[in-house]
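Chemist: Pasting a structure below so you can have a look.
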Amino acid sequence: MFELLSPYELMVGLLTVLWIGLFIYERELRVEMLALGLLGIFLLPLSFTILQNTDVADGFTNLAFTDLLFTYAIASLSGILFHAVLGKHYHLLPSKKRKESEDSLAQWWLIRLLLSILFFVWITLLLNLAFGMTLAGSVFVAAAMLTIYIVSHRHDLLYDAIASALLTAFVVFLAGELAALFTGVPISISIIETSGSIGSVPTDLLLWSLGVGLLLGPLYEYVRRFQLK
């Protein structure tokens, strides 16, 4: 059966099974999973465009369903693995004296989430195009910069960010190793560079996963003004 699938397709299948299981089990995190997954889909054509040096239209046409599913699953999982593994739950931050305009803006959390991601995209573009960094390196550095900003305002999210980064990279590594074990072929993915590998998984993919987890782990809690308990 596994001979019919490429190692990349099998890896994505394993990640999808994990996503479905967590979506069923972690009811509190379903909105976060859906929101982050959709943002991942929104950003994928841009990532593909940077890597392939093509225009956005070609980036859309060259994307496979597997690429969309992979990005959706990783974006979703990176935001909730910390909660699922360590059993963390949400509660609202203690109310503070804020202007009515600030309270009104806080209600538009999805817009704040989108604006944060767009800021991250522009940093990634700058690092990749102006400084010649790889896509994976650009994503990691941009994620680290935005995460430092988040943690400077919410010190309680530092552990969330670090743990989410490590857990996301570990899940990708484990899924990739299992896929390579069953198919007998190392992982190769078109939307991520492959300049080296750890085991059967490209180091660029792991670095990209670290960056995604580092940013998306604490981002949802930050824009929603939720605290972990």
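Residue numbers for the sequence shown follow our numbering, so the first one is 192 and each next one is one higher.
Glycine is no exception: its CB is placed at the ideal position from the N, C-alpha and C atoms.
#1: My guess is that residue 223 and residue 271 are in contact by the Cβ rule of under 8 Å, so how many angstroms apart are they, rounded?
#2: What residue from 413, 385, 404, 365 has the CA that sits closest to residue 202's CA?
#3: Does the structure place the stretch 369-379 close enough to the stretch 301-316 that three or more beta carbon pairs sit under 8 Å?
#4: Judging by CA-CA distance, which residue of 260, 266, 308, 310 is the nearest neighbour of residue 399?
#5: Thinking C-alpha only, which one of 206, 226, 277, 218 is nearest residue 410?
#6: Residue 363: which of 397, 355, 379 sits nearest, CA to CA?
#7: With respect to the alpha helix (DSSP H) encompassing residue 368, which residues constitute its N-terminal and C-terminal limits?
#8: Using the three-state DSSP reduction, which class does residue 198 fall into: helix, strand or coil?
#9: Between which two residues does the alpha helix (DSSP H) harbouring residue 303 extend?
#10: Run through DSSP, which three-state label would residue 409 get?
#11: Report all residues from its chain with a CB closer than 8 Å to the CB of residue 331; omit the five preceding and five following residues, and keep chain order.
#12: Which residue comes first and which comes last in the alpha helix (DSSP H) that contains residue 336?
#13: Could you check where the alpha helix (DSSP H) with residue 385 kicks off and where it finishes?
#14: Checking 8 Å against the spacing of the C-beta atoms, do residue 380 and residue 216 come in under that value?
#15: Kindly indicate which residue of 221, 231, 260 has the alpha-carbon position closest to the one of residue 207.
Modeler: Looking at the atomic coordinates:
#1: Locating residue 223 in the sequence shown gives position 32, where the first residue counts as 1. Locating residue 271 in the sequence shown gives position 80, where the first residue counts as 1. Cβ atoms of residue 223 and residue 271 come within 8 Å of each other, at about 6 Å.
#2: Stepping through the sequence shown from its first residue, residue 202 is reached at position 11. Nearest of 413, 385, 404, 365 to residue 202, Cα basis: 365.
#3: Verdict: no, contact absent.
#4: To locate residue 399, count along the sequence shown from 1; it is residue 208. Nearest of 260, 266, 308, 310 to residue 399, Cα basis: 266.
#5: Translated into positions along the sequence shown, residue 410 becomes position 219. Cα-wise, what sits closest to residue 410 is 226.
#6: Start at 1 with the first residue of the sequence shown, and residue 363 comes out as number 172. The shortest C-alpha separation from residue 363 is found at 397.
#7: Stepping through the sequence shown from its first residue, residue 368 is reached at position 177. For residue 368, the enclosing alpha helix (DSSP H) starts and ends at 349-374.
#8: As a first step, residue 198 must be located in the sequence shown, where it is residue number 7. Residue state, collapsed to three classes: helix.
#9: Taking the sequence shown and counting its residues from 1, one reaches residue 303 at position 112. It spans 300-316 - the alpha helix (DSSP H) in which residue 303 sits, taken as one unbroken run.
#10: Counted from its first residue, the sequence shown places residue 409 at position 218. For residue 409, the three-state secondary structure derived from DSSP is helix.
#11: Numbered from its first residue, the sequence shown carries residue 331 at position 140. Residues of the same chain with a CB within less than 8 Å of the CB of residue 331, apart from the 5 flanking positions on each side, are 398, 399, 401, 402, 405 in chain order.
#12: Looking up residue 336 in the sequence shown gives position 145. That run of the alpha helix (DSSP H) goes 326-344.
#13: Within the sequence shown, numbered from 1, the residue matching residue 385 stands at position 194. For residue 385, no alpha helix (DSSP H) run applies, since DSSP gives it neither H nor E.
#14: Stepping through the sequence shown from its first residue, residue 380 is reached at position 189. Stepping through the sequence shown from its first residue, residue 216 is reached at position 25. It is not a contact, given that the beta carbons lie outside the stated cut-off.
#15: Start at 1 with the first residue of the sequence shown, and residue 207 comes out as number 16. Closest by alpha carbon: 260.
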